[in-house]
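Each residue of the sequence shown is one higher than the one before, starting from 753 at the first, in this note's numbering.
Don't be surprised by glycine CBs; every beta carbon is placed ideally from N, CA and C.
A quick note: this is a predicted structure, and the numbers were derived from the prediction, not measured.
Below is one structure, written out as structure tokens, with a few remarks after it.
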Amino acid sequence: MDYPEHEKTYSMFLVATKWGTIAVIAILLGMMVGLMAGGGFIGGFATFFVALAAAYFLA
Numbered sequence: 753m754d755y756p757e758h759e760k761t762y763s764m765f766l767v768a769t770k771w772g773t774i775a776v777i778a779i780l781l782g783m784m785v786g787l788m789a790g791g792g793f794i795g796g797f798a799t800f801f802v803a804l805a806a807a808y809f810l811a
């Protein structure tokens with residue numbers, strides 16, 4: 753078994769899982785602000801990008 757390749761693939765899987773989860777949370781936050789909190793489309797879109805930017809700088 754090629755262990756270095758396995759570790760590389762697993763590392764990529766973990767990164768994709770982490771950023772996929774972050775993206776879903778950012779989408780849900782944007783939908784919450786845009787649809788339920790009265791922020792409208794612009795407020796929801798801005799919340800989505802702020803959440804992604806915050807996750808990028810904190811991760």
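- Within 10 angstroms of the beta-carbon of G782 lie 16 or more other beta-carbons, which makes it buried.
- Sixteen is the threshold: when 16 or more other Cβ atoms of the shown chains lie within 10 Å of the Cβ of A778, as they do, the residue is buried.
- Going by beta carbons, V785 and G796 fall inside the 8 Å limit.
- A768 and T761 have their C-alpha atoms spaced approximately 11 Å apart.
- Per DSSP, reduced to three states, the secondary structure at M784 is helical.
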